[in-house]
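Each remark here refers to the structure printed beneath this line.
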Amino acid sequence: MAVERTLSIIKPDATRRNLTGKIIDKFESAGLRVVAQKRARWSQADAEKFYAVHAERPFYNDLVAFMTSGPIVLQVLEGEGAVAKNREVMGATNPADAAVGTIRKEFAESIEANSVHGSDSAENAAIEIAMCFSDGEIVG
Ligand code: ADP
Ligand code: MG
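When you line the sequence shown up against numbering that gives the first Met the number 0, it's residues 0 to 139, in that order.
Shown next as structure tokens:
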């Protein structure tokens, strides 16, 4: 399998509860490397743009409000099959369905406040990484 990059976001519910270290440990322990990282506070426009793909979903407005409710940590993760590996470490969208040992099973508060975002395909990973980082911020 090829070395890939994927976008990861630690969401406001997790920064609020001081869980960033525990969450990053899950990625690193699974063999993913943090090659870019920054803490940010999204504006409404930032969140609307990032989640534009979900604009027609009933939860969109709540999701934008949630993602702007506190600081987030944006990261690029790199590794063999990083897109699928990150999704595996994150667990299912709804923590009630997430496997034991996954980030969402251990830390998520709800289907909305589910602690992490991860790109769902290599194509979307490239788009999301470009939205959140300049080339010079990805430092290995
Ligand atoms: P994932 O983050 O697992 O890729 P989606 O792309 O389907 O999930 O949804 C994006 C985000 O929208 C989820 O991570 C979650 O924060 C929120 N969300 C998804 N489904 C719901 C829902 N039914 N109710 C409230 N929020 C939701
Ligand atoms: Mg998604």
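All residues carry an ideal CB built from backbone N, CA and C; glycine is no exception.
Query                                                                                                                             : Result
Residues bridged to residue 25 (per DSSP)                                                                                         : According to DSSP, which records beta bridges pairwise, residue 25 is partnered with nothing at all.
For residue 44, the first and last residue of its enclosing alpha helix (DSSP H)                                                  : 43 to 49
Chain-order list of residues whose beta-carbon lies under 7 Å from that of residue 118 (same chain, five-residue window excluded) : 5, 6, 82, 124, 127
Cβ pair residue 33, residue 137 closer than 8 Å                                                                                   : no
Own chain, CB closer than 7 Å to residue 69, minus 5 neighbours either side, in chain order                                       : 11, 14, 15
Range of the contiguous beta strand (DSSP E) that encloses residue 77                                                             : 71 to 79
Local conformation of residue 2 per DSSP, three classes                                                                           : strand
Sequence-distant residues of the same chain with beta carbon closer than 6 Å to residue 25, five excluded per side                : 88, 102
Selection from 73, 0, 92, 111 that minimises the alpha carbon distance to residue 133                                             : 73
beta-carbon residue 96 near ligand 2 non-hydrogen atom, thresh 7 Å                                                                : no
Paired residues, beta bridge with residue 7 - DSSP                                                                                : 74, 117
heavy atom of ligand 1 below 7 Å from residue 58 C-beta                                                                           : yes
Short Cβ contact (8 Å threshold) for residue 110 with residue 93                                                                  : yes
8 Å Cβ cutoff met for residue 22 and residue 71                                                                                   : no
When 29, 54, 19 are compared against residue 44, the one with the closest alpha-carbon                                            : 54
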